[in-house]
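Notes follow the structure.
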Amino acid sequence: MTDVNDATPARGQGGGGDGPLGPVVAGLNALGSVWIIAIMLLICADITMRTLFNAPIAGVAEMVAFSIVGIVFLQLAHTLRSGALTRSDLLLTLVARRSERAARFMRALFNLTGAALLALTFWYFVPVLAKAWTNPERNFMGNPGFFVIPTWPLYALMAIGMAATVLQYLASAWANLKGRRP
């Protein structure tokens, strides 16, 4: 496996350069990071309320479960862009020793395959999002009468994260084909 520091792109050599996708990916990552802090504060508040006043905050478990999925999808494109997405690259390393051009082609193929698979997932996920949007009363998390949260906001975040990651895969493939290593 490649060390994360070896796979991290230098400024201007990332998967797609510093074009318009870079700030979007960074913004989604920052939003996910802020959301992590908010969830930590919510959990601490719930523990405090439960311990001191025997009055837990309703729906914390549902909000945390909701948040984990949302955060993963918000930060997925940045994980790919920064070279921190887990992969086994033993074959890629062996090929790169003989031919950097072949290795760049393999990286581009990897990124195009990732883009195609995630785009297919996105294509089949959009109807689920549309159903949750049009029927929020039938698509929720939680216990009715106690705490419920509609699923469409989570599904929308997942769709945004998938779309950004597909674009990042394509930008990385383009960078590989142009001779830059994302």
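Numbering-wise, my numbering puts 74 at position 79 of the sequence shown, and it's gapless, one number per residue. C-beta atoms are modelled at their ideal positions from N, C-alpha and C, and glycine is treated no differently.
Let me know if residue i comes out buried or exposed under the rule of 16 or more other beta-carbons within 10 Å of its beta-carbon.
i	result
Trp147	buried
Thr160	buried
Tyr119	exposed
Gly14	exposed
Ala110	buried
Ile66	buried
Asp(-2)	Only weak support is given to the placement of Asp(-2): the predicted model assigns it a pLDDT of 41, under 50, and the value that follows is read from those uncertain coordinates. So Asp(-2) counts as exposed.
Gly156	buried
Arg6	Interpretation of Arg6 is limited by its pLDDT of 39, a score under 50 that renders its predicted location unreliable; no figure is taken from the coordinates.
Gly11	Reliability fails at Gly11, whose pLDDT of 45 lies under 50, so the model's placement of it is uncertain and the value that follows must be treated cautiously. Classification for Gly11: buried.
Ala72	buried
Phe68	buried
Leu152	buried
Leu162	buried
Leu89	exposed
Would residue i count as contacting chain D if we go by Cβ distances under 8 Å?
i	result
Ala50	Considering every chain present, this structure includes no chain D. It has just one protein chain.
Nearest by alpha-carbon distance to residue i: which of the options is it?
i	options	result
Phe61	Pro51, Ala40 and Ile31	Ile31
Pro145	Gly156, Arg133 and Met153	Arg133
Gly54	Phe48, Val67, Thr46 and Ala40	Ala40
Thr74	Lys126, Ser167 and Gly137	Ser167
Leu107	Leu16, Val20, Ala127 and Asn171	Asn171
Could you give the distance in angstroms between the alpha-carbon of residue i and the alpha-carbon of residue j?
i	j	result
Ala91	Ala97	7 Å
Pro18	Ser28	15 Å
Ile34	Met101	39 Å
Phe141	Leu23	31 Å
Ser77	Val59	26 Å
Ala25	Glu57	22 Å
Pro51	Met44	5 Å
Thr81	Leu87	14 Å
Val143	Trp128	15 Å
Ile63	Gln70	11 Å
Phe48	Val121	43 Å
Ala158	Trp169	17 Å
Ala103	Ala114	16 Å
Leu178	Leu85	For residue 178 there is no data in the structure shown, the boundaries of the chain being -4 and 177.
Phe105	Phe117	18 Å
Phe135	Ala125	14 Å
Leu36	Ile42	10 Å
Pro4	Gly137	Its pLDDT being 45, under 50, Pro4 is placed unreliably by the model, and nothing is read from it.
Ala79	Thr46	39 Å
With a cut-off of 8 Å on the beta carbons, I'd call residue i and residue j a contact; round off their distance for me.
i	j	result
Val123	Tyr164	Contact flag wrong, Cβ pair sits at about 21 Å.
Ala174	Arg93	Position check: residue 174 holds Gly in this sequence, whereas Ala was assumed. The pair is not a contact, with the Cβ atoms about 17 Å apart (cut-off 8 Å).
Which parts of the region 3 to 76 are runs of the beta strand (DSSP E), unbroken and 3 residues or longer, counting only runs that do not cross its ends?
none
In chain order, which continuous runs of the alpha helix (DSSP H) of length 4 or greater are located wholly inside the region 84 to 114?
Counting whole runs of 4 or more residues, the region 84 to 114 contains the alpha helix (DSSP H) stretches 85 to 93.
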